[in-house]
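Numbering-wise (the numbering used here), the sequence shown opens with residue 78 and increments by one.
Glycine included, each C-beta is placed from N, C-alpha and C at the ideal position.
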Amino acid sequence: MIFDVPLILEENTLEYFLMRGVLDYIGSVDVSPESCYLHHELLNLMLVLMSTQLCSGPSPEPKDVHPFIDAAMLQDSSIVASVVQKLLLNFVTRPKIPLNASHPVFSDDGRPGVLQRVGSAAANIVLLPYYTFNYLVSSTPEGATSQLADNSLLVLLIMIHYRKCISTNESIPTNNVYTMDSNTNEKDAPVFHDNPYCKALNSAKDIQYDRADVEGNAQDGPVVRLSFALLFDALGRCLNDESSVLLLYSLVHGNCDFQEYVLVRTDLDTLLMPILEMLYNASRKTSNQIYMLLIILLILSQDSTFNASVHKLVLPAVPWYHERLMHQTSLGSLMVVILIRTIKYNLSKLRDVYLHTNCLAILANMAPHVHRLSAYASQRLVSLFDMLSRKYAKLAELKNDKSLKVISDQMEADNIADDMSTELHIYTDFLRIVLEIINAILTYALPRNPEVVYAVLHRQEVFEPFKNHPRFNELLENIYTVLDFFNSRMDMQQLDGEWSVDKVLEVINKTCRSWRGEGMKMFTQLRFTYEQESHPEEFFIPYAWRLVLSRGFSFNPGAINLFPVEIHLEDAPAGEQKV
Numbered sequence: 078m079i080f081d082v083p084l085i086l087e088e089n090t091l092e093y094f095l096m097r098g099v100l101d102y103i104g105s106v107d108v109s110p111e112s113c114y115l116h117h118e119l120l121n122l123m124l125v126l127m128s129t130q131l132c133s134g135p136s137p138e139p140k141d142v143h144p145f146i147d148a149a150m151l152q153d154s155s156i157v158a159s160v161v162q163k164l165l166l167n168f169v170t171r172p173k174i175p176l177n178a179s180h181p182v183f184s185d186d187g188r189p190g191v192l193q194r195v196g197s198a199a200a201n202i203v204l205l206p207y208y209t210f211n212y213l214v215s216s217t218p219e220g221a222t223s224q225l226a227d228n229s230l231l232v233l234l235i236m237i238h239y240r241k242c243i244s245t246n247e248s249i250p251t252n253n254v255y256t257m258d259s260n261t262n263e264k265d266a267p268v269f270h271d272n273p274y275c276k277a278l279n280s281a282k283d284i285q286y287d288r289a290d291v292e293g294n295a296q297d298g299p300v301v302r303l304s305f306a307l308l309f310d311a312l313g314r315c316l317n318d319e320s321s322v323l324l325l326y327s328l329v330h331g332n333c334d335f336q337e338y339v340l341v342r343t344d345l346d347t348l349l350m351p352i353l354e355m356l357y358n359a360s361r362k363t364s365n366q367i368y369m370l371l372i373i374l375l376i377l378s379q380d381s382t383f384n385a386s387v388h389k390l391v392l393p394a395v396p397w398y399h400e401r402l403m404h405q406t407s408l409g410s411l412m413v414v415i416l417i418r419t420i421k422y423n424l425s426k427l428r429d430v431y432l433h434t435n436c437l438a439i440l441a442n443m444a445p446h447v448h449r450l451s452a453y454a455s456q457r458l459v460s461l462f463d464m465l466s467r468k469y470a471k472l473a474e475l476k477n478d479k480s481l482k483v484i485s486d487q488m489e490a491d492n493i494a495d496d497m498s499t500e501l502h503i504y505t506d507f508l509r510i511v512l513e514i515i516n517a518i519l520t521y522a523l524p525r526n527p528e529v530v531y532a533v534l535h536r537q538e539v540f541e542p543f544k545n546h547p548r549f550n551e552l553l554e555n556i557y558t559v560l561d562f563f564n565s566r567m568d569m570q571q572l573d574g575e576w577s578v579d580k581v582l583e584v585i586n587k588t589c590r591s592w593r594g595e596g597m598k599m600f601t602q603l604r605f606t607y608e609q610e611s612h613p614e615e616f617f618i619p620y621a622w623r624l625v626l627s628r629g630f631s632f633n634p635g636a637i638n639l640f641p642v643e644i645h646l647e648d649a650p651a652g653e654q655k656v
């Protein structure tokens, strides 16, 4: 559930005034060379103050105590909007921290310094963590050109993914509108406060548009406004960074305006090429990063305009693809190749069903809109079916292996049989989806895809073992209708000499013009959509903090309960060290 109700934390606490002063400074003071370092150190301070989350478990509970980030959630909507906007602008503009930067805690130019803005009651207590922090995290000039942008992004990610859990024993106003996970009983469902920073990001608008929305209604309250064009370009430049991938996911999933902006861009390769290159190098990426990349593609592939656009954008070259030269290939063809490559990598290394499903879902969404799929992508698609069918056949053979029946422990034999049945069922589903992908291309886009027809003709024997399979026979009827049509036209050709690839393709291209789809059965198009898990905080809060720790922030590993961490001997208490 999500309730928009006052937090338990009072608005007159020291933590509240401290966070108000820090956030007000960050959101309202323009980043200049003089203030860059102070902005950077205040962001570091915020990360330390919010790091109490590291001490809690992966599932937020009412007993968790996070006074500073709770105080940040209490701030006025004007401060929230200005902070989100400034953090995004820092990420976009990437201001540099001067090498001779100082940090004027108290201003001497007549304007109030940050600690003066916090308030006299909080100023004294702020000095200790502020200066102590310089010993916890070093701020060296090396790499300082992007430190402010990087820390701005980390703070933004921590804040937008935070969720405050309420005890169900507390009295909740009955007139509040809330949502509840349909799979959870109301009495057992966790209750969460609304997150104003997440709402501000999700409602951010392009600065090029007026303050009234498309229906002419004025926006309620402060709205985050920035250039979507600059944000789009900044994301394209920074997607090799895992934090930027999480920001892109947060935007395309939560902000409808930004998602629509991305979908109408004609240079989709700005975002997609870095994503595809990272998937190409999946072995060097974390599983979380691979998930995020695939989910972004899945969200975008839900739009038919996107699926059509990627096949019209032709890439002169793909320098990072080393298996073969790719010249003048479409972005859509490259997507198909990379997604199939990711599936094959997952089969051999990760063996993650969720990852498989996402890859196949993207391909299925793209299938009816495929336009002139390249020869290489077409071959990879048929080879994918062949690879999955061989795995399926091997599992079926093992399941029927009589050696299982002589296992002395009947329970062990039953468990092995159940595991094989489950895996066989999974591969049956995968094979059906691949058949539906091929079927959709042949049904809705055959005249535009002669290379797909060639690949199916060339490897038609791989479909034969499944011709009478009850899960596949209807789909294979369509494929064999296409095979029969083109095989008959090939047989009618009077050819001098041997068949060559070019001659076969010439006949296919001519025959495609006379194809009318007679005898093809029309199936409902597969359309996969992304739905966030019922408890996303269990994934995103630990994920965001892992990104913080990956940046060199050092916290006591023995106190971290949010996720498992490796404790080195020098980090462990003296009594726990082992020789």
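query                                                                                                                                                                 : result
Is any non-hydrogen atom of the ligand FAD found closer than 8 Å to the C-beta of Leu328, if you look at the structure I gave you?                                    : Absent from the structure shown: the ligand FAD. Ligands present: none.
According to DSSP, simplified to helix, strand and coil, what is Val529?                                                                                              : helix
Are at least three pairs of beta-carbons, each pair with one atom in the region 161 to 178 and one in the region 300 to 308, less than 8 Å apart?                     : yes
Return the chain-ordered list of same chain residues with a C-beta closer than 8 Å to the C-beta of Thr363, the five sequence neighbours on each side being excluded. : Glu319
Find the nearest neighbour of Val161 within the set Trp576, Lys282, Phe562, Leu115, judged by alpha-carbon distance.                                                  : Lys282
Reducing DSSP to helix, strand and coil, say where Arg302 ends up.                                                                                                    : strand
Determine whether the beta carbon atoms of Leu420 and Leu437 lie at a separation below 9 Å.                                                                           : The amino acid occupying residue 420 in the given sequence is Ile; Leu does not appear at that position. Contact: yes.
Report the rounded CA-to-CA distance for Glu595 versus Tyr557, giving the unit in angstroms.                                                                          : 12 Å
With DSSP as the reference, please indicate the residues paired to Asp283 in a beta bridge.                                                                           : Leu303
In the DSSP assignment, what residue or residues form a beta bridge with Cys242?                                                                                      : Phe269
Between the beta-carbon of Asn555 and the beta-carbon of Val447, is there less than 9 Å?                                                                              : no
Do Val459 and Val539 have their beta-carbon atoms positioned less than 9 Å apart in this structure?                                                                   : yes
Can you tell me the Cβ-Cβ gap for Lys476 and Leu512, rounded? I've got them flagged as a contact below 8 Å.                                                           : Their Cβ separation, rounded to whole angstroms, is 21 Å, which puts Lys476 and Leu512 out of contact at 8 Å.
Using three-state DSSP, classify His404 as helix, strand or coil.                                                                                                     : strand
So within the region 559 to 620, which uninterrupted alpha helix (DSSP H) runs reach at least 4 residues, ignoring any that extend past its ends?                     : 578 to 590
Are Tyr422 and Ser360 close, meaning C-beta to C-beta below 9 Å?                                                                                                      : yes
Tell me which residues share the same chain as Met567 and place their Cβ nearer than 7 Å to its Cβ, disregarding the 5 neighbours each side in the sequence.          : Val584
Just how far apart, CA to CA, sit Val195 and Asp101?                                                                                                                  : Its pLDDT being 44, under 50, Val195 is placed unreliably in this model, and the value from its coordinates should be taken loosely. Cα-Cα distance, rounded: 9 Å.
Using the Cα positions of Ser591 and Asp561, report the straight-line distance between them to the nearest angstrom.                                                  : 14 Å
Quick one: residues in its chain with C-beta nearer than 6 Å to the C-beta of Arg657, no 5 flanking neighbours on either side, listed in chain order?                 : The question about residue 657 has no answer, for the chain in this structure spans 78 to 656.
Using the Cα positions of Val232 and Leu120, report the straight-line distance between them to the nearest angstrom.                                                  : 7 Å
Which residue spans inside the region 349 to 414 form an unbroken alpha helix (DSSP H) run of at least 4?                                                             : 364 to 378, 381 to 389
Expressed to the nearest angstrom, what Euclidean distance is found between the alpha-carbon atoms of Ser407 and Tyr326?                                              : 24 Å
Looking at C-alpha atoms only, which residue of Cys333, Met443, Ile417 is the closest neighbour of His433?                                                            : Ile417
Contact check, Val329 vs Ile373 under 8 Å by CB: the rounded distance?                                                                                                : 6 Å
What is the residue span of the alpha helix (DSSP H) that Ser154 lies within?                                                                                         : 154 to 170
Near Phe617, what residues of its chain come up, given a Cβ to Cβ distance below 7 Å and the 5 sequence neighbours on each side ignored?                              : His238
First and last residue of the alpha helix (DSSP H) that includes Leu316?                                                                                              : That residue, Leu316, is in no alpha helix (DSSP H); it is neither H nor E in DSSP.
In three-state terms, what does DSSP make of Asp147?                                                                                                                  : helix
Quick check on this structure: which residue in Leu324, Tyr504, Leu375 has the alpha carbon closest to the alpha carbon of Leu424?                                    : Tyr504
Name the residue from Val169, Lys276, Leu553 whose alpha carbon lies nearest to the alpha carbon of Leu307.                                                           : Val169
Around the C-beta of Ser112, are 16 or more other C-beta atoms found within 10 angstroms, so that it is buried, or is it exposed?                                     : buried
Shortest alpha-carbon distance to Gly635 belongs to which of Phe94, Ser105, Leu91, Cys132?                                                                            : Cys132
Looking at chain C, is there any beta carbon in it that lies within less than 9 Å of the beta carbon of Gln162?                                                       : Of the protein chains in this structure there is only one, and it is not chain C.
Name the two residues that bound the continuous alpha helix (DSSP H) containing Thr434.                                                                               : 430 to 443
Tell me the DSSP secondary structure of Pro542 in three-state form.                                                                                                   : helix
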